[in-house]
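A.B. asks:
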Amino acid sequence: MLWIKSFHLLFVISWFAALFYLPRIYVNLAQSTDPAVQQHLLGMARRLYRFMTILAIPALLLGLWLYLGWGLGRGQGWMHAKWLGVVLLLGYHHACGRMLKRFESGSNTHSHRFYRWFNEIPVLLLLAILILVIVRPF
C-alpha cells in the first residue's frame, strides 16, 4: 500500500505542477501581441495540457485503488470532502482545456489579470485537500 501511496503522490504533485504552470502561459498569451510569440506559447500550452492530462489519469486511478482496494477513508467525512475537491480540480482541468481551445481559435476574451486570478484556484484546492487529508477535520 505504501508503494501505491508513493506513486499516487508523485502523480498528484506532478499534475499540480502542470496546473500551476498552464495558466501562467495563458497570462503571457493574453499579454502578447507578437504572432510568433503567441504561436510558441500555444505550442507550449498544448504540450503541457496533453502532459498534465496524462499525469492526472494515474493520479486518479491510484487514488481510486487506495480508496476501493484498501478502503482508506471510506465512510469518513474528510474523504467525502476530498472527493469534492478532486471533482472541482477535474473541473478546473477541463476549464483549462476550454481556455486553450479559445486561445487556439483566437477567441479569448479574458485579460491577463483574469488568468492571474484563475491561477490561484489550484493553490486553494491543494490547500483544502491537504488539510482534509492531514488534519481530517470531519
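Going from the sequence shown to this note's numbering is simple: count from 1 and add 559.
The beta-carbon is built from N, C-alpha and C at its ideal position, and this holds for glycine as well.
Just so it is clear, the structure is predicted and the values come from calculations on it, not from any experiment.
(1) Where do the N-terminal and C-terminal ends of the alpha helix (DSSP H) with PHE697 fall, by residue?
(2) Please classify TRP574: is it buried, with 16 or more other beta-carbons within 10 angstroms of its beta-carbon, or exposed?
(3) Can you grab the Cα-Cα spacing for the pair PRO617 / LEU568, in whole Å?
(4) Roughly how many angstroms lie between the CA atoms of ILE637 and LEU689, to the nearest whole one?
(5) THR612 lies in the alpha helix (DSSP H); which residues open and close that run?
(6) For VAL586 and ARG661, which I take to be in contact (beta-carbon distance under 8 Å), what is that distance rounded to the nearest angstrom?
(7) Span of the alpha helix (DSSP H) holding GLU663?
(8) Answer yes if the stretch 680-688 comes into contact with the stretch 601-616, meaning at least three C-beta pairs across the two stretches below 8 Å, and no otherwise.
(9) Quick one, are the C-beta atoms of HIS707 and LEU578 less than 8 Å apart?
(10) Which residues in the same chain as TYR608 place their Cβ atom closer than 7 Å to its Cβ, once the five residues preceding and following it in sequence are excluded?
(11) Quick one: Cα of HIS639 to Cα of LYS564, how far?
(12) If you draw a straight line from the alpha carbon of ALA589 to that of LEU649, how long is it in whole angstroms?
C.D. replies: If we stick to the structure as given:
(1) Per DSSP, PHE697 belongs to no alpha helix (DSSP H) and is neither H nor E.
(2) Counting every other CB atom within 10 Å of its CB across the protein chains shown gives TRP574 a total of 16 or more, marking it as buried.
(3) The straight-line gap from Cα to Cα measures roughly 10 Å.
(4) Position check: residue 637 holds Trp in this sequence, whereas Ile was assumed. Approximately 11 Å, taken between the alpha carbons.
(5) Per DSSP, THR612 belongs to the alpha helix (DSSP H) from 594-629.
(6) Contact doesn't hold; Cβ gap of about 14 Å is too wide.
(7) Its alpha helix (DSSP H) spans residues 636-664.
(8) Short answer: they don't touch.
(9) Residue 707 falls outside the range modelled here, since the chain spans only 560 to 697, and no answer is possible.
(10) If we look at TYR608 and ignore the five residues flanking it on each side, its Cβ neighbours are LEU581, CYS655, GLY656 and LEU659.
(11) Approximately 18 Å, taken between the alpha carbons.
(12) Cα-Cα distance, rounded: 23 Å.
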